[in-house]
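Trainee: Chains as they are written, first to last, in our numbering: chain A, 1 to 254; chain B, 255 to 853.
Heads up, the beta-carbon is just placed ideally off N, CA and C, and yes, glycines get one too.
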Amino acid sequence: MRRWMSSLLAVVLAMGTLLGAPTPSTPGEAAARFEAANRLTAEGKYSEGAAAYDALAADGRTSAALEYNRAQARLKAGQFGSAWAHLALANRLNPRDSAIRLATEQLAPRIPAGTGSGIVGSWTDRLTLNEWAGFALFSVWVLAGLLFAVRFAPAWKPRLWTPLWVVCGWTVISSALLGAALWNRWHGPNAIVLRPDATVRVSPLDEARTAFSLAEGSEVRRRDSRGDWVMIEEPVSRRFGWMKRSEVQVLPFR
Amino acid sequence: MVTIPTTEFPACGGGNPWRESAGWVRSWRLVFVLMLSAFAVSAAPTFSVELEPEQVAAGESAMLKLIFTGFDNPPTPEVPVIPNCTVNRAGVSHQFTSINFKNTSSIIHQFAIEPKSAGTVQIPAITVEADGKRYTSQPMTLRVGPGFDQSQIGFLKVSAPRPEVYVGETFPIEIRFYFRNAPDQQAPPSISMEGFLKGRQQAESLAPETTNGAVHGVARWTLAVTAIKPGEFDIGPAELLTLYRFRDPRRIFGGFEQRKLTFTSEPIQVRVLAPPATGRPAGYEGAVGRFKLEVTASPTNVVAGDPVTVRVRVTGTGNFDGLRLPDLPANSGFQAYPGTNSFVESDPLGLSGTKNFEMVVVPEQPGLQRLRWPVLSFWDPVQRRYVTEQPRPLQIQVRPGTLAQAQPVGSNVVAGPAVVRPAPGVTAGDLALKSDLGAWAPVRDSVVTRAGYWCAWGLPLVGYAAVGLGLWWRRRRTQDPAVALRHRARHAVAEAIANLADHARAGRAPQFYSALNAALQGQLSLTLGGNSASYTEDVIDGKLTPLGLGAEDATRLRALFGLLSQARFSPGSVSGDLLARQQDAEASLAALRRLEGVS
Numbered sequence: 001m002r003r004w005m006s007s008l009l010a011v012v013l014a015m016g017t018l019l020g021a022p023t024p025s026t027p028g029e030a031a032a033r034f035e036a037a038n039r040l041t042a043e044g045k046y047s048e049g050a051a052a053y054d055a056l057a058a059d060g061r062t063s064a065a066l067e068y069n070r071a072q073a074r075l076k077a078g079q080f081g082s083a084w085a086h087l088a089l090a091n092r093l094n095p096r097d098s099a100i101r102l103a104t105e106q107l108a109p110r111i112p113a114g115t116g117s118g119i120v121g122s123w124t125d126r127l128t129l130n131e132w133a134g135f136a137l138f139s140v141w142v143l144a145g146l147l148f149a150v151r152f153a154p155a156w157k158p159r160l161w162t163p164l165w166v167v168c169g170w171t172v173i174s175s176a177l178l179g180a181a182l183w184n185r186w187h188g189p190n191a192i193v194l195r196p197d198a199t200v201r202v203s204p205l206d207e208a209r210t211a212f213s214l215a216e217g218s219e220v221r222r223r224d225s226r227g228d229w230v231m232i233e234e235p236v237s238r239r240f241g242w243m244k245r246s247e248v249q250v251l252p253f254r
Numbered sequence: 255m256v257t258i259p260t261t262e263f264p265a266c267g268g269g270n271p272w273r274e275s276a277g278w279v280r281s282w283r284l285v286f287v288l289m290l291s292a293f294a295v296s297a298a299p300t301f302s303v304e305l306e307p308e309q310v311a312a313g314e315s316a317m318l319k320l321i322f323t324g325f326d327n328p329p330t331p332e333v334p335v336i337p338n339c340t341v342n343r344a345g346v347s348h349q350f351t352s353i354n355f356k357n358t359s360s361i362i363h364q365f366a367i368e369p370k371s372a373g374t375v376q377i378p379a380i381t382v383e384a385d386g387k388r389y390t391s392q393p394m395t396l397r398v399g400p401g402f403d404q405s406q407i408g409f410l411k412v413s414a415p416r417p418e419v420y421v422g423e424t425f426p427i428e429i430r431f432y433f434r435n436a437p438d439q440q441a442p443p444s445i446s447m448e449g450f451l452k453g454r455q456q457a458e459s460l461a462p463e464t465t466n467g468a469v470h471g472v473a474r475w476t477l478a479v480t481a482i483k484p485g486e487f488d489i490g491p492a493e494l495l496t497l498y499r500f501r502d503p504r505r506i507f508g509g510f511e512q513r514k515l516t517f518t519s520e521p522i523q524v525r526v527l528a529p530p531a532t533g534r535p536a537g538y539e540g541a542v543g544r545f546k547l548e549v550t551a552s553p554t555n556v557v558a559g560d561p562v563t564v565r566v567r568v569t570g571t572g573n574f575d576g577l578r579l580p581d582l583p584a585n586s587g588f589q590a591y592p593g594t595n596s597f598v599e600s601d602p603l604g605l606s607g608t609k610n611f612e613m614v615v616v617p618e619q620p621g622l623q624r625l626r627w628p629v630l631s632f633w634d635p636v637q638r639r640y641v642t643e644q645p646r647p648l649q650i651q652v653r654p655g656t657l658a659q660a661q662p663v664g665s666n667v668v669a670g671p672a673v674v675r676p677a678p679g680v681t682a683g684d685l686a687l688k689s690d691l692g693a694w695a696p697v698r699d700s701v702v703t704r705a706g707y708w709c710a711w712g713l714p715l716v717g718y719a720a721v722g723l724g725l726w727w728r729r730r731r732t733q734d735p736a737v738a739l740r741h742r743a744r745h746a747v748a749e750a751i752a753n754l755a756d757h758a759r760a761g762r763a764p765q766f767y768s769a770l771n772a773a774l775q776g777q778l779s780l781t782l783g784g785n786s787a788s789y790t791e792d793v794i795d796g797k798l799t800p801l802g803l804g805a806e807d808a809t810r811l812r813a814l815f816g817l818l819s820q821a822r823f824s825p826g827s828v829s830g831d832l833l834a835r836q837q838d839a840e841a842s843l844a845a846l847r848r849l850e851g852v853s
């Protein structure tokens, strides 16, 4: 009886979200709905589970665990492109989560680009961009503090000399690492194709000629956007074109 | 005798003045020929063949001329195929000959005959039909000398590491080009082989070697090949096409001729054996080479159902493409899932390197589990024996868990409540979901996209630089006498100007002129340098006017100097409105300040 009731509760919750239930306002409510979505997915109702996850993240709030579970549900529902996009976002939110890394490594060979993942394949992806930025900022402030101390307290100069050089070196390194991470983010792919054989057009119009098509899960680079259209660049062949916004998932710059 | 040769070449682009000019020339020649033809006595048409020269060296060409004389409508002849020669059409020429007013007209078809090797080339009789008759030429013989000895320029050699290899073995073969003179151009060599699969190729230049008593430059191409079937096979011959430039002795003023030279190697014979069936290990899957195996696993202390990543590292030399790991035995106590592999090569041909396999296994039972896997068997072609690499067993401590179900897609390494328990009666399938929502927050772009971050990043350094600059400036002001003096002078001038206004308003003439003198002398010291209280009216014409002081300002300044002199020597005689003089003084001081930068 309890099993039946819990299943019914999960379905009702999921249907509620599908029918436009407001997004949860408190973490407790969100956790309950997350568990309900998990239950739907575990029971093999992948589409319903994925929809429940989507509703939970509808207002822009999400978490690495939510994106990871969304990826699992989408994968089981046969939507590889969407699964890969959610997994990439999970990586950007928590890049050192071993489960997320493992799932990424297992799915990466299925990316159509042929050269592996460009979105989560770099060593700079071991930390989030905010973490790299934090390291650089912290080291700059420590360096400035030591410089002020050496200037205004000359008596401390002999003792501070070695730490000053160490922190100076670390500041240069951390700033260079931040630069490398930024470079990868700016020049690497940052969007994922969601639909199989997605059409890329030469201009942002429905009537425009087809430039080429992309396989589901292809990693591309977003170059521009106009209304409901996104201009993308295929990183291998460097071809440009426009896609419908609904056919491509652009990852946040983080 | 009059001979007028004309030549027609294959059609070229037209529509230019030169072509029109050539047309005029042809017309003139035609008229001339017609004039000569008026005296001509028609003769019987003849067909003949000439060969120039009759002896050439291999690689050079001779000209075969088919001459039609006296034909009204000569045919376009074809030269039959000549063995071991290349025949190219070289154009058509017209020739008119007049001997004692007996004129003949000939059309000559020319063909370049280029023999490929030394010996004798027989040019067969050529038959043509013209004006309803058949004409047959005499057969001709072209003698071909040896040309020059190509082996004096260089030679090509193919070698393999061993005369016997094994099926599945990948090994390098070398093609070496020894040359005394480097070619101007060369293409990569081609090599024919059967029973082998070609792999990657690497080209490099080696240090010169002494071969056959002469120093030769050496170019080497190394090619990875894999034997695919047993038997005896030839590798080669290899061919290398080069382009050489030689000085042409026939040209009086020097010059070069280019020749294509093809160097051909002798083939080598290689015997390909199959690894013997005797002593073949049970798990042998065709690997040939020399390999070492390392196996690690992590984590080694898990809850039942949690994944363990097994990393297998195979290093060595051989055919890594065909290297596969055996399947996990069915009764191993672990469930395996497809993994990934990568190859890091340590040489350009990919013959040696490290192949990394990574896969996930899930222990099915709690307790201390031992996994003896994988066992890699391969044929060592050097020692000619089977070798079995067996790693030490992996020991994995498995704690009892609530979910003893394997989870292949990703894994949930968070123990306990992180594992989603399926509803009773519902199988969880192969999902590994997270149950802890974690930090549920809006996803924003990184802080590096905001200007505030970069302000915070640069603020301490800019602040430190600003403080350092301020301190430096203060120290400079206090320690540099010139700067300190100017600072004091400027301060004194400002104070004097302030007093000037006070005294003017109060009508205190002596104090007013004293302050005026101090302000004027101080400002002059700032404008011109030097000590204050030493300037007289002479500086106006001597220094200030050359610096650009205007006539009006000069007049005003001169009047002020006059008033100061008057106040000094006859104080009672100075009268007038002090406020007006204060305005004059301030205008003059402003003019002097403007000149500071100029001086």
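1) On the DSSP bridge list, what partners appear for S606 of chain B?
2) Using a Cβ cut-off of 8 Å (strictly closer), state whether G717 of chain B contacts chain A.
3) Consider the Cβ of P328 of chain B: report whether some Cβ of chain C lies at a distance smaller than 8 Å.
4) Who does C339 of chain B pair with in a DSSP beta bridge?
5) Consider the Cβ of T594 of chain B: report whether some Cβ of chain A lies at a distance smaller than 8 Å.
6) Relative to the alpha-carbon of I427 of chain B, which residue among B:R544, B:A748, B:I489, B:F510 has its alpha-carbon at the smallest distance?
7) Considering only residues of the stretch 553-601 of chain B, which uninterrupted alpha helix (DSSP H) runs meet the minimum length of 4 residues and lie entirely inside it, listed in chain order?
8) Mark T496 of chain B as exposed unless 16 or more other C-beta atoms lie within 10 angstroms of its C-beta, in which case mark it buried.
9) Can you give me the C-alpha to C-alpha distance between V697 of chain B and R61 of chain A, rounded to a whole angstrom?
10) Which word fits I173 of chain A, buried or exposed, when buried means at least 16 other C-beta atoms lie within 10 angstroms of its C-beta?
11) Here's the rule I'm using: 16 or more other beta-carbon atoms within 10 Å means buried, otherwise exposed. How should I362 of chain B be labelled?
12) Under the DSSP definition of a beta bridge, which residues are partnered with D224 of chain A?
13) According to DSSP, is T424 of chain B helix, strand or coil?
14) Residues in the same chain with beta-carbon distance under 8 Å from P764 of chain B, minus the five sequence neighbours each way, listed in chain order, please.
15) Does any C-beta atom of chain B lie closer than 8 Å to the C-beta of W183 of chain A?
16) Looking only at its chain, what residues have a beta carbon closer than 8 Å to the beta carbon of L843 of chain B, apart from the 5 residues adjacent to it on each side?
17) Relative to the C-alpha of N238 of chain B, which candidate in B:L687, B:W627, B:G576 has its C-alpha closest?
18) Specify, as a first and last residue, the run of the beta strand (DSSP E) that Q637 of chain B falls within.
19) I'd like to check one pair, L577 of chain B with K245 of chain B: are the Cβ atoms closer than 8 Å?
20) If you count every other CB in all the chains shown that lies within 10 Å of the CB of R39 of chain A, and 16 or more means buried, which is it?
21) What residues from the stretch 694-708 of chain B come within 9 Å of chain A, judged by C-beta to C-beta, listed N to C?
22) Quick one: any contact between the stretch 221-229 of chain A and the stretch 190-199 of chain A, if contact means 3 or more CB pairs under 8 Å?
23) Give the residues of chain B in contact with P189 of chain A, contact being defined as C-beta atoms less than 9 Å apart.
24) Could you name the residues that DSSP lists as bridge partners for Y432 of chain B?
25) I'd like to confirm the pairing. Which residues does DSSP put opposite P530 of chain B in its beta bridges?
26) Could you please give the first and the last residue of the uninterrupted alpha helix (DSSP H) stretch that includes R730 of chain B?
27) By how many angstroms is the C-alpha of S519 of chain B removed from the C-alpha of A478 of chain B?
28) Does the pairing of the stretch 387-402 of chain B with the stretch 340-352 of chain B give three or more beta-carbon distances under 8 Å?
29) Exposed or buried, which one is R33 of chain A when buried takes at least 16 other CB atoms within 10 Å?
30) Note down the Cα distance separating Q456 of chain B from L603 of chain B, rounded to an integer number of angstroms.
31) Given a threshold of 16 other Cβ atoms within 10 Å of its Cβ, counted over all protein chains shown, does E234 of chain A qualify as buried or as exposed?
32) In the DSSP assignment, find the alpha helix (DSSP H) that holds T171 of chain A and state where it starts and stops.
33) Cβ of G217 of chain A within 8 Å of Cβ of R92 of chain A?
34) Have a look at B:L451, B:N466, B:Q404 and flag the residue whose alpha-carbon is nearest the alpha-carbon of A436 of chain B.
35) Please list the terminal residues of the continuous alpha helix (DSSP H) segment that includes S47 of chain A.
36) Closer than 8 Å, CB to CB, is R245 of chain A near chain B or not?
Mentor: Reading it off the structure:
1) Per DSSP, the beta bridge partners of S606 of chain B are B:T571.
2) Yes, G717 of chain B counts as interfacial toward chain A.
3) Looking for chain C here will not work: the only protein chains present are A and B.
4) When DSSP reads this structure, C339 of chain B sits in a beta bridge with B:P369.
5) Taking Cβ atoms only, chain A reaches closer than 8 Å to T594 of chain B, which makes this a yes.
6) The shortest C-alpha separation from I427 of chain B is found at B:I489.
7) Those alpha helix (DSSP H) runs which fall completely within the stretch 553-601 of chain B and span 4+ residues do not exist here.
8) Buried is the call here.
9) Looking at the two C-alpha atoms, the distance is approximately 6 Å.
10) Counting C-beta atoms within 10 angstroms of its own C-beta, I173 of chain A has fewer than 16 neighbours from the protein chains shown and is therefore classed as exposed.
11) Per the 10 Å Cβ criterion, buried.
12) DSSP, once it has assigned bridges, lists A:M231 as partnering D224 of chain A.
13) T424 of chain B falls in the strand class under three-state DSSP.
14) If the five residues before and after P764 of chain B are omitted, its C-beta is found closer than 8 Å to the C-beta atoms of A821, P825, all from its own chain and listed in chain order.
15) Not an interface residue.
16) Excluding sequence neighbours, L843 of chain B sits near V747, I751, A773, L774, Q777.
17) This structure does not reach residue 238 of chain B, given that chain B is present from 255 up to 853, and the question cannot be answered.
18) Per DSSP, Q637 of chain B is not a residue of any beta strand (DSSP E), being assigned neither H nor E.
19) Shown here, chain B extends from 255 to 853; a query on residue 245 of chain B therefore has no answer.
20) By the Cβ-count criterion, R39 of chain A is buried, with 16 or more other Cβ atoms from all chains shown falling within 10 Å of its own Cβ.
21) Listed in chain order, the positions of the stretch 694-708 of chain B with a beta carbon within less than 9 Å of a beta carbon of chain A are W694, A695, P696, V697, R698, D699, S700, V701, V702, T703, Y707.
22) The answer is yes - the stretch 190-199 of chain A touches the stretch 221-229 of chain A, with three or more Cβ pairs under 8 Å.
23) Per Cβ cutoff of 9 Å: no residues; P189 of chain A is ~17 Å from chain B at best.
24) According to DSSP, which records beta bridges pairwise, Y432 of chain B is partnered with B:F409, B:V472.
25) When DSSP reads this structure, P530 of chain B sits in no beta bridge, so it has no partner.
26) R730 of chain B: member of the alpha helix (DSSP H) spanning 705-733, first to last residue.
27) A478 of chain B and S519 of chain B have their alpha carbons spaced roughly 18 Å apart.
28) The stretch 387-402 of chain B is not in contact with the stretch 340-352 of chain B.
29) Buried: at least 16 other Cβ atoms inside 10 Å.
30) Their backbone Cα atoms lie some 7 Å apart in a straight line.
31) Per the 10 Å Cβ criterion, buried.
32) Start and end: 157-187.
33) Going by beta carbons, G217 of chain A and R92 of chain A fall outside the 8 Å limit.
34) Checked all of B:L451, B:N466, B:Q404; the closest Cα to A436 of chain B is B:Q404.
35) Run containing S47 of chain A: 46-56, per the alpha helix (DSSP H) assignment.
36) Interface annotation, R245 of chain A: not in contact with chain B, CB-CB separation never under 8 Å.
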